[in-house]
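Here my numbering runs 31 ahead of the position in the sequence shown, where the first position is 1. We put the beta carbon where it would ideally sit given N, CA and C, even for glycine. Have a look at the structure below, then the notes.
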Amino acid sequence: MVQEYRKLSQTFEEVKAENVDLKNSSVEPRSVQLGKTDSLQIDLSRLKTENDSLRLRSCELEDENKRLNEVMSSWTKSSVSLSKLHEAQKPLNDKLDWASMLVKAVLKKPVLSHICCESKRYDDQNSSKPNQKGKAGIGYLRPENSKPSWLKNRLDKDKAKAGLCFSPAQA
């Protein structure tokens with residue numbers, strides 16, 4: 032559309048320059064000059080009409096662009112609001128979240144109690160006789176397997192699945 036406007040403006044300027052040249056030349060008879068002037072006036076009025084219609088169309092397109100920008104803005108705001116609403120309405124008893132928290136709690140609890148037991152020293156501990164695996168004291172025995180068997184089996188299955196999903200050949 033802009034190119035058409037430029038083209039019409041250029042044509043208008045050419046016609047205008049030609050009109051000035053014709054007015055200045057006195058070689059041709061007056062009747063020929065009047066005929067050319069009339070045709071130039073007609074062309075000039077046609078170009079002015081086209082110019083006005085292009086300006087009107089340009090204004091219409093600008094208005095439509097503003098309207099569409101407002102629509103897009105409202106859609107963006109709605110999307111943000113919907114996301115917030117979705118986050119707020121997540122069920123509180125989501126089993127996956129509770130299960131993961133339970134597994135973490137089960138895994139952390141024995142480790143913390145084990146660390147606490149190791150760090151305490153009592154006066155009646157006999158440090159001269161090391162116990163099983165280098166521990167000395169009042170009969171402390173380190174458990175062979177601190178994880179329950181169901182948890183160990185579950186972890187082994189997860190490791191096997193992870194090994195199948197992420198094999199070195201795919202990486």
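In the three-state scheme derived from DSSP, where H, G and I count as helix and E and B as strand, residue 56 is classed as coil. Contact annotation: residue 75 and residue 36 have beta-carbon atoms that are not nearer than 8 Å.
Restricting attention to 192, 49, 134 and 52, the CA atom closest to the CA of residue 179 is found in 134.
Ranking 72, 33 and 34 by CA distance to the CA of residue 48 puts 72 first. Ranking 56, 51, 50 and 93 by CA distance to the CA of residue 32 puts 93 first. Pairing residue 43 with residue 87 gives a Cβ-Cβ distance that is not under 8 Å. In the structure shown, residue 41 falls within a helical segment according to DSSP collapsed to helix, strand and coil.
Residue 186 and residue 121 have their C-alpha atoms spaced approximately 28 Å apart. Cβ atoms of residue 39 and residue 81 come within 8 Å of each other, at about 6 Å. Secondary structure of residue 72 (DSSP, three-state): helix.
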